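Enquirer:
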Amino acid sequence: MSEPIIRLENVSKIFKLGLLGKTMIKAVDRVNMDIREGEILGILGESGSGKSTIARLILKIYEPTSGRILYRGRDIKEYRGSKGLKEYYRKVQGVFQDPYASFNPRRRVLDVLRDVMKNYYPITSLQDIDREIGLTIEKVGLSMSDVIGKYPHEFSGGQLQRLSIARALLVKPEVIIADEPVSMVDASTRIDILNIFIDLKESEGISFAIIGHDLGLTRYVSDRVVVLYRGQIVEEGSAEILSEPLHPYTQMLAKSIPRIDKKWESKLEYSVGSIELGARGIGCIFVDRCPQAMDICRRQEPPYIDTGKSRVKCWLYTEKH
């Protein structure tokens with residue numbers, strides 16, 4: 001197997017809250033994770049599970065409290081200053097949840113796209129810039145005639161999210177981190193947006209990490225999935241694990257999806273995912289919600305078990321219980 005493009009090694013992120021910073025919240029807890037060449041990795045979990053924090057860590061919006069993040073074997077902390085950041089963002093781009101917050105409402109969208117090109121390709125003529133923009137926005141299902149002269153408020157949420165993707169594509173990245181990219185898009189266009197990611201993976205060879213909380217959409221778009229709970233990966237494997245989940249938390253997520261042919265039997269009870277340091281014991285982080293909790297779950301943190309189908313952090317799949 002080739003070296004992953006992005007690798008997280010034992011990464012944790014702690015936020016200090018309060019006037020004196022005495023309250024500490026661990027949003028990401030010792031995460032080991034890869035984004036591999038030419039794949040779509042789905043990162044799934046409830047609100048507060050740490051998935052958006054992971055996105056911001058990879059995009060250098062946050063710095064890890066401990067551990068390290070590697071881009072093709074190089075610690076991303078080494079990308080410093082305007083020159084270093086430009087080098088990094090030429091290869092790793094982000095698409096965010098709210099497309100309207102991603103564009104300056106006072107500027108025409110085409111001017112914003114031109115600025116991206118001028119920043120990364122300063123000697124390119126305006127004619128060549130517009131040609132490249134036109135080719136790029138065609139990849140997301142729009143055309144120059146859709147864009148010329150328009151401000152962000154003149155587009156639908158779905159159209160503007162397509163343009164957010166196009167803006168990321170203009171620098172020809174190897175990896176795109178998409179944080180809840182369809183959560184604020186009309187339901188009728190969500191699959192269309194996800195199909196753009198699939199097409200770009202196949203035609204351009206771009207790797208994606210797509211963060212979400214919808215198990216069905218994550219299963220649809222992903223080649224591989226990691227499931228987060230309270231900052232930890234509790235299950236990881238191919239997207240097929242979402243059809244036959246092993247970890248009780250992943251099973252709970254699966255049962256929370258309404259089905260046409262079956263009464264909605266279970267509603268997921270959401271809780272704050274990140275945890276205050278010192279508030280948790282030494283056992284499993286899911287023990288208070290787990291319907292299959294055992295005594296050992298309260299006494300000892302479970303190891304990761306390779307079941308052949310997935311890597312799961314649960315005592316149910318060890319011989320010790």
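Going by the UniProt record's numbering, the first residue of the sequence shown is number 1, and it counts up by one from there. In this text, a Cβ means the ideal position worked out from N, Cα and C, and glycines have one as well. Please read these numbers as outputs of a predicted model, since none were measured by experiment.
1) Between the segment 207-214 and the segment 23-43, are three or more C-beta pairs nearer than 8 Å?
2) Based on Cα-Cα distance, which residue from I177, R72, D186 lies nearest to R7?
3) Could you check if K172 belongs to the surroundings of the ligand GTP, using beta carbon to heavy atom distance under 7 Å?
4) So E236 is in the beta strand (DSSP E); what residue range does that whole segment cover?
5) Could you pull out every residue in the same chain whose Cβ sits closer than 8 Å to the Cβ of L135, ignoring the five residues on either side in sequence?
6) Please classify L268: does DSSP put it in a helix, a strand, or coil?
7) Please say whether P248 and Q292 have beta carbons closer to each other than 8 Å?
8) Alpha carbons only, please: which of V92, E87, F155, K313 is nearest the one belonging to L246?
9) I'd like to confirm the pairing. Which residues does DSSP put opposite D98 in its beta bridges?
10) Mind checking Q161: buried by the 16 CB within 10 Å criterion, or exposed?
11) Cα separation between I176 and R224?
12) Using 8 Å as the limit for Cβ to Cβ distance, is E3 near chain D?
13) Quick check on E46: buried or exposed, where buried means 16 or more other Cβ atoms within 10 Å of its Cβ?
Expert: Inspection of the coordinates gives the following:
1) They touch, by the three-pair rule.
2) Stepping through the sequence shown from its first residue, residue 7 is reached at position 7. Selected option, being the one with the closest Cα: R72.
3) In the structure shown, the ligand GTP is absent, as is every other ligand, since no ligand is present at all.
4) Taking the sequence shown and counting its residues from 1, the one referred to as residue 236 is at position 236. Its beta strand (DSSP E) spans residues 232-238.
5) Mapped onto the sequence shown, residue 135 falls at position 135. Excluding sequence neighbours, L135 sits near nothing in its chain.
6) Position 268 of the sequence shown holds residue 268. Unreliable placement is indicated for L268, whose pLDDT of 40 sits below 50; the coordinate value is still reported in the next sentence. Looking at L268 - three-state DSSP - the assignment turns out to be coil, as it is neither helix nor strand.
7) What you label residue 292 is simply residue 292 of the sequence shown in a count that begins at 1. What you label residue 248 is simply residue 248 of the sequence shown in a count that begins at 1. Their beta carbons are under 8 Å apart, which means Q292 touches P248 by this criterion.
8) Reading the sequence shown from its first residue, position 246 is the one you call residue 246. Per the Cα distances, K313.
9) Reading the sequence shown from its first residue, position 98 is the one you call residue 98. The partner list for D98 (beta bridge, DSSP) is empty, contrary to what the question assumes.
10) As a working mapping, residue 161 is identified with position 161 in the sequence shown. The residue in question, Q161, is buried, as its Cβ has 16 or more Cβ neighbours within 10 Å.
11) As a working note, residue 176 is residue 176 in the sequence shown. As a working note, residue 224 is residue 224 in the sequence shown. Their backbone Cα atoms lie some 15 Å apart in a straight line.
12) The structure shown contains no chain D; it is built from a single protein chain.
13) The count along the sequence shown starts at 1 and reaches residue 46 at position 46. E46 counts as buried, since at least 16 other C-beta atoms from the protein chains shown sit within 10 angstroms of its C-beta.
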